[in-house]
Amino acid sequence: MNALLTLWAQWFPELWKGFVLSLQVTAISLLLGIALGLLLALGVGARGKAIRYPALIIVELGRGAPALILLQYFYFGLPSVNLTLTSFWAAVLALAYCTAAYTSEIIRGGIEAVARGQHEAADVIGLNRVDALRYVILPQALRVALPSLLGFSIMMFQASSLCFTIALPEIVSRASAIGSSTFQYMPVLVLAGLMYAAVCAPASLGVAALERRLAPGVQPAC
Amino acid sequence: MNDILMMLLAGVPWTVGVTVCAFAVGVVLGFPLCALRMSQVPSLRVLGAALVLTLRSIPPIVWLFFIFFGIGGGYVTLSPFVAAVVGLGLITAAQMAEVYRGAFAAIPDGQYEAAHVLNLSAPQRFFDVVLPQLVRISIPTAATYAIGLLKDSAVASTLGVADISFQAYQVSQQTFQGLGVYSAAALVYLVLSVPVALASRWLSSTLQRRISL
Chain X
10 MNALLTLWAQ WFPELWKGFV LSLQVTAISL LLGIALGLLL ALGVGARGKA
60 IRYPALIIVE LGRGAPALIL LQYFYFGLPS VNLTLTSFWA AVLALAYCTA
110 AYTSEIIRGG IEAVARGQHE AADVIGLNRV DALRYVILPQ ALRVALPSLL
160 GFSIMMFQAS SLCFTIALPE IVSRASAIGS STFQYMPVLV LAGLMYAAVC
210 APASLGVAAL ERRLAPGVQP AC
Chain G
23 MNDILMMLLA GVPWTVGVTV CAFAVGVVLG FPLCALRMSQ VPSLRVLGAA
73 LVLTLRSIPP IVWLFFIFFG IGGGYVTLSP FVAAVVGLGL ITAAQMAEVY
123 RGAFAAIPDG QYEAAHVLNL SAPQRFFDVV LPQLVRISIP TAATYAIGLL
173 KDSAVASTLG VADISFQAYQ VSQQTFQGLG VYSAAALVYL VLSVPVALAS
223 RWLSSTLQRR ISL
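The structure is reproduced here in structure tokens:
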């Protein structure tokens with residue numbers, strides 16, 4: 010046990026750097042992705058076909074392709090049209106696209122959950138469509154979508170481990186490098202797994218608790 | 023372009039194989055895990071919840087490496103395919119346990135009460151009353167998960183399983199046509215997921231008619 014802790018203490022600073030990088034990639038791609046996801050949700054819900062169909066195609070491609078393929082598309086694919094990205098930006102863009110595609114559906118579900126009367130009421134009190142969205146519909150829709158969005162964010166943090174395949178020095182890359190140089194795969198992978206679990210397990214429990222609190226029927230009076 | 027597509031298609035059996043085997047492992051192991059999770063004994067319940075949470079909180083790639091390099095490297099020799107199936111199968115089991123748990127809650131109490139009143143034995147109650155309804159309720163969620171698994175199975179390529187992603191990487195390195203290769207690979211995955219979605223819709227509507235509720 011002591012030998013194991015000594016090894017872990019020795020490897021931890023190295024893995025920590027990877028952990029910080031994983032968090033950065035996840036955070037930036039979530040910020041970009043959710044903003045884009047909101048636009049796509051509005052696009053898919055748009056009345057005009059010229060907006061609706063392209064938005065649908067973007068969403069379905071993003072949801073249909075594995076995240077791994079998206080990452081490699083941005084990292085190994087784009088250089089063939091002379092657009093070379095660093096592994097960091099390839100990771101951010103690929104994961105942001107993936108986030109946008111998935112969260113647009115979550116947000117659309119939230120928008121559809123807003124009662125019809127809210128749209129009509131916003132119309133009646135003379136709000137234009139942008140203001141109705143901004144002040145009436147979206148605050149309620151995002152509240153409904155919040156637990157799913159947070160749950161998805163946890164998945165994205167885990168998905169950032171796929172950046173190993175495009176040589177981004179995140180947790181798994183560093184753990185794998187330590188493993189191949191020391192042949193101590195088991196302990197280093199356990200440490201890497203624990204670092205993910207330390208974030209994801211409490212976060213999942215928190216999201217589940219939030220979901221129960223926001224569940225319809227037990228909403229606080231407002 | 024034709025050569026590229028043929029090479030990608032050579033990966034399809036591996037992708038389908040990993041997905042189907044891992045899903046089968048998950049569907050079966052999900053039952054004991056769900057039983058543990060819903061046990062009357064508090065310590066078993068906590069154990070079940072902890073297992074599910076642990077399996078879901080660590081990324082698939084870490085599980086796969088752990089099984090392939092950690093366990094496979096020292097104690098027993100595992101092929102990349104087996105390691106991928108075991109790793110993804112365990113994660114699927116955790117997901118399926120949650121799906122079953124939700125489905126159990128969705129079966130109306132009257133069904134249990136009626137089964138009791140009819141004096142059915144415990145196996146009859148489970149296999150003839152609960153299980154058919156459980157399966158029908160679980161299908162849509164399980165199918166959504168299966169489509170997700172088809173895409174997640176791409177991580178098996180990191181162990182060297184010659185699936186679609188693995189082929190895409192090889193071909194793109196050989197031809198320097200990464201953009202076309204990866205677009206084609208994405209389309210192959212998309213096309214593969216369509217039959218799963220259709221099958222789920224068909225199965226669920228057929229069962230709906232046959233198992234009334």
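These protein sequences, in sequence, are chains X and G. Heads up: the first sequence begins at 10 in the numbering used here, then just goes up one per residue. Heads up: the second sequence begins at 23 in the numbering used here, then just goes up one per residue. Virtual Cβ for every residue (Gly too), placed ideally from N, Cα, C.
Rounded to the nearest whole angstrom, the CA to CA distance from X:L41 to X:M164 is 16 angstroms. Between G:A44 and G:S175, the C-beta spacing is below 8 angstroms. For G:F148, no Cβ of chain X is located within less than 8 angstroms of the residue's own Cβ. Within 7 angstroms of the CB of X:Q167, the CB atoms of chain G belong to P81, in sequence order along the chain. Chain-ordered, the chain X residues with CB closer than 7 angstroms to the CB of G:Q199 read S89.
Annotation for X:I146: I120, V123, Q127, H128, A131 place their beta carbon closer than 8 angstroms to its own, counting only its chain and skipping 5 residues before and after. Here the C-alpha atom of X:I116 lies approximately 10 angstroms from the C-alpha atom of X:A109. Within the stretch 129–159 of chain G, not one residue has a Cβ closer than 8 angstroms to any Cβ of chain X.
Not a single C-beta of chain X is nearer than 8 angstroms to the C-beta of G:S222. Between X:V90 and G:L58, the beta carbon gap of about 52 angstroms keeps them out of contact (Cβ cut-off 8 angstroms).
In the structure shown, G:D185 adopts coil according to DSSP, grouped into three states.
G:I93 and X:P196 have their alpha carbons spaced roughly 11 angstroms apart. The residues I169, L172, in chain order, have a CB closer than 7 angstroms to that of G:S215 in the same chain once the five nearest residues on each side in sequence are set aside.
Counting the other Cβ atoms within 10 Å of the Cβ of X:E179 gives 16 or more, which makes it buried. Between X:L80 and X:A64, the C-beta spacing is not below 8 angstroms. Bounds of the alpha helix (DSSP H) holding G:R231 are 200–232.
Contact between the stretch 79–89 of chain G and the stretch 145–163 of chain G is absent, with fewer than three C-beta pairs closer than 8 angstroms. Taking X:C209 as the centre and dropping the five residues before and after it, the same chain places the C-beta of I163, F166, Q167 closer than 8 angstroms to its C-beta, in chain order. X:C209: member of the alpha helix (DSSP H) spanning 194–223, first to last residue.
Neighbours of X:C209 in chain G, taken as residues whose beta carbon is under 8 angstroms from its own, are R78, S79, I80 in chain order.
Rounded to the nearest angstrom, the gap between the Cα atoms of G:M60 and G:Q155 is 18 angstroms.
The Cβ atoms of X:L30 and X:L200 lie no closer than 8 angstroms to each other. Under the three-pair Cβ rule at 8 angstroms, the stretch 106–118 of chain G counts as touching the stretch 34–48 of chain G.
Proximity of G:G95 to chain X, defined by a Cβ-Cβ separation below 8 angstroms, is satisfied. Taking a beta-carbon distance threshold of 8 angstroms, X:Q33 does not count as an interface residue toward chain G.
Taking X:A141 as the centre and dropping the five residues before and after it, the same chain places the C-beta of H128, A131, D132 closer than 8 angstroms to its C-beta, in chain order.
A straight-line Cα-Cα distance of about 9 angstroms links X:S96 and X:F83. DSSP places G:L51 in the uninterrupted alpha helix (DSSP H) bounded by 34–59. The distance from the Cβ of G:L73 to that of G:L181 is about 23 angstroms, inconsistent with a contact at the 8 angstroms cut-off. For X:A212, same chain residues with a beta-carbon under 7 angstroms away, outside a window of 5 residues either side, are I163 in chain order.
The way I'd put it, the stretch 202–214 of chain G does touch the stretch 23–39 of chain G; three or more beta-carbon pairs between them come closer than 8 angstroms. Contact annotation: G:S187 and G:S179 have beta-carbon atoms nearer than 8 angstroms.
In the three-state scheme derived from DSSP, where H, G and I count as helix and E and B as strand, X:E114 is classed as helix. Contact between X:S38 and X:L104 holds, with the beta-carbon distance rounding to 4 angstroms and staying under 8 angstroms. Cβ neighbours of X:R183 within its own chain (closer than 6 angstroms, five residues either side excluded): E23, L24, G27. CA-CA distance, X:L14 to X:L203, rounds to 13 angstroms.
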